[in-house]
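In full-length UniProt numbering, the protein residues as written are 1 to 803. Reviewing the structure listed below.
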């Protein structure tokens, strides 16, 4: 039988009536067709895949013997000739045959469901009589007289059970009142309060069930129908009270300070009441179906009641989704609101359409399964809510483990008080209230700093918990549909294993990145002086090597995760390793320069020839080491140019930023200067600089006078020197020059200005007869000659002092 749009339309006409099919029925058929289109997988994948909605379920029914003869024929007789042939088809033909088989099975099941529904609809006028007859038969000679008596006994038992539960809850609130913190600020504190309250209330629910059941056993009539009725009613009430506890603690409409959901009190109360009312009505409908089944109601009537109960749940949940669409949309967008990511905004605007479509689709699938006696037929409509509640509980437990076991928060008042007491004991050997109060500010700062260092790991654990809960929730939801994702041998099972490997790889990748980045941040200089000149001390050796080590580890994690993913997908990775060896050999011959660069860089780093932030000269270029990669480094020249140098091109490295630096300063003084007095002034000035709080630590050797180094026509050349940490010599040079100028001026020591004495041939009076223009020309020529001579003499001793 071929599947076509006409087949769907005939089914719609049959189910919806001989007139024009309703929009609801057509929409259901459209969803069923879309669901079927996803089932074109190989037979072994179909066993666990989406087509298991119908075909796999029919096969299961044939094995258990609970289905009809037509279903057995479909599962064992008609599917075999199409699934296998004389010759094994290739992959494409096998997939096509599998898809056709699935289409035929779906069509057959749709026709069967139609026939069963027609038969049940014809019995609707008889339902009331059948139900009354069933109840009368349960009473025997008493007829229907057992029912009022049973209901009165159940009412008494329920009232006593509720009283016992209320007493336990009141006692628990008094005993655990200290757990309530109206100013709770941490999420762990809020979760602990809500969990403790929920556990206490669950104890009350359990006590209610025990007391109500016990009281009924004592005062009941003992008739089997009465016991079944009491068990259904009391059990349903217990389930309702348990779900009420869950909704109460998830939405916390009565505890605004402990509410974890970003809702106002009015919104939380409204949503809580709506969900509680929907839960009560749905449970009542399901309980009625279960009660009639226990009393021996006709299976056909029971099926119709289950379909009606599922439809009622669908209508209630759809109404709640539509009424509270804006509230849930705001939760989806989160704190960012209009600035939330695009997919958040799209989901916030369309989630209620998706929810209503799911409820309707789930009701349709549930109805078909109920009509055909297939497994996993009940509970599909409300399955997302059940999964969401379980996910909320599981996520709360994971957050509690993170905040209380793995990474206890340090920014709480209790932890800050402990830190303050520890600080006071360290400083004074004892701690009193006054000392703790004075140290509390320091404790807050220290706690905030520690918590800031932990925040990347906390964010990573939070993301991991979210991913794990979402993954588990999807698997549980699929299991409720009869399509378990994890642990199966199908394509979906392999995909789930791939996702698990990717999750573990992601967690390892982020953890390594956070750890190494934090160590790099520790080793990096706190602040970079904008006025600092080149040649300063670079970063530590570990901060130079850690980025390379981080990249190596991250690449290793990615490669290993990729290999495992390929293995899970069925790819034989052994040839990949063999091919990698051959490719590596070819690369070794064809990329000798690259290999030379890599090995040269490795040995330079092993020798600790340079580090990040150091000023080096390699002959062809010089500058500050700004970046180091696996095959090259980048040098930033002090004029701004950036040079990339492969390690293999470096022949030598001259490092200006290691250990110490010597600065020699020359200046000119007049011939009448007292050299001994000048030496003492310089020595005392050097002592003052060493005692200075800011400049003193920069010196490795004090400022010293080297005396008169040379004598010129108009001045004596004196020189001083000092030893500093690398990079500090330029800042101290300015301080030394300024200080010497002030001290020399106070002590009558004059700096010699450049001057040239011009003697004109002839009498001594001839100089006065020169014109002003001739004098200026002679002076300019003499000054130029002096400057040229001075520049020519600079290439000696002081040349190496400049970068």
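Every residue gets a Cβ at the ideal spot worked out from N, C-alpha and C, and that includes glycine. Note that the coordinates shown come from a computational prediction; the quantities given were computed from them, not determined experimentally.
Residue i, DSSP secondary structure in three states
i	result
residue 4	Its pLDDT being 41, under 50, residue 4 is placed unreliably in this model, and the value from its coordinates should be taken loosely. Here residue 4 sits in coil by DSSP.
residue 454	helix
residue 112	helix
residue 445	helix
residue 567	helix
residue 735	helix
residue 251	helix
residue 325	helix
residue 222	coil
residue 673	coil
residue 290	helix
residue 645	strand
residue 495	helix
residue 471	helix
residue 176	coil
residue 751	strand
residue 481	coil
residue 384	helix
residue 162	helix
residue 262	coil
residue 336	helix
residue 358	helix
residue 572	coil
residue 807	In this structure the chain extends from 1 to 803, so residue 807 is not present and cannot be described.
residue 296	coil
residue 105	helix
residue 515	helix
residue 679	helix
residue 308	helix
Cβ neighbours of residue i in the same chain (closer than 6 Å, five flanking residues each side left out)
i	result
residue 236	283, 287
residue 808	As displayed, the chain neither begins before 1 nor continues past 803, which places residue 808 out of reach and without an answer.
residue 366	310, 377, 380
residue 827	Residue 827 falls outside the range modelled here, since the chain spans only 1 to 803, and no answer is possible.
residue 116	371
residue 623	635, 636, 637
Beta-bridge partners of residue i, as assigned by DSSP
i	result
residue 627	634
residue 821	For residue 821 there is no data in the structure shown, the boundaries of the chain being 1 and 803.
residue 719	666
residue 708	718
residue 810	In the structure as shown, the chain starts at 1 and stops at 803, and residue 810 therefore has no counterpart that could be examined.
Whole-angstrom C-beta distance between residue j and residue i, which should lie under 8 Å
i	j	result
residue 649	residue 635	Rounded, the Cβ-Cβ distance is 12 Å, inconsistent with contact.
residue 234	residue 157	7 Å
residue 687	residue 697	No, residue 687 and residue 697 are not in contact; Cβ-Cβ is about 15 Å, not under 8 Å.
residue 678	residue 705	7 Å
residue 690	residue 736	In fact, because the Cβ distance is near 12 Å, the residues do not count as touching under 8 Å.
residue 751	residue 669	6 Å
residue 328	residue 351	6 Å
residue 184	residue 257	6 Å
residue 154	residue 230	5 Å
Neighbourhood of residue i by C-beta distance below 7 Å, restricted to the same chain and skipping five residues each side
i	result
residue 561	501, 502, 505
residue 20	Low per-residue confidence applies at residue 20: pLDDT is 37, beneath 50, and the placement is therefore not dependable enough to give any value.
residue 238	205, 208, 209
residue 619	651, 652
residue 569	494, 498
Chain D within 8 Å of residue i, Cβ atoms only
i	result
residue 226	Any reference to chain D falls outside this structure, which holds one protein chain only.
Beta-carbon proximity list for residue i, same chain, < 8 Å, skipping 5 on both sides
i	result
residue 805	The question about residue 805 has no answer here: the residues shown for the chain are numbered 1 through 803.
residue 407	454, 457, 458, 461
residue 331	261, 262, 263
Residue i CB to nearest heavy atom of the ligand COA below 7 Å
i	result
residue 287	The ligand COA is absent from the structure shown, which contains no ligands of any kind.
- Message: Pairs of beta-carbons, one from the region 206 to 219 and one from the region 158 to 170, closer than 8 Å: are there three or more?
- Response: Touching, per the Cβ criterion.
- Can we say the region 360 to 373 touches the region 396 to 404, given the rule of at least three CB pairs closer than 8 Å? The region 360 to 373 makes no contact with the region 396 to 404, as fewer than three CB pairs between them are under 8 Å.
- Are at least three pairs of beta-carbons, each pair with one atom in the region 149 to 159 and one in the region 210 to 224, less than 8 Å apart? By the Cβ criterion, the region 149 to 159 is in contact with the region 210 to 224, since at least three pairs of Cβ atoms, one from each stretch, lie closer than 8 Å.
- Message: Could you check whether the region 448 to 463 touches the region 474 to 482, counting it as contact only if at least three pairs of C-beta atoms, one from each stretch, sit closer than 8 Å?
- Response: Too few Cβ pairs lie closer than 8 Å, so no.
- Message: With three or more beta-carbon pairs closer than 8 Å as the criterion, would you say the region 266 to 274 touches the region 190 to 203?
- Response: No, they do not touch.
- Would you say the region 670 to 687 touches the region 642 to 661, given that touching needs at least three Cβ pairs under 8 Å? No, because fewer than three Cβ pairs between the region 670 to 687 and the region 642 to 661 fall closer than 8 Å, the two stretches do not touch.
- Given 8 Å, three or more beta-carbon pairs between the region 507 to 522 and the region 552 to 568: Touching, yes, given that three or more Cβ pairs across the two stretches are closer than 8 Å.
- Query: If we count Cβ pairs, one from each stretch, closer than 8 Å, do we get three or more for the region 355 to 364 versus the region 315 to 322?
  - Reply: Short answer: they touch.
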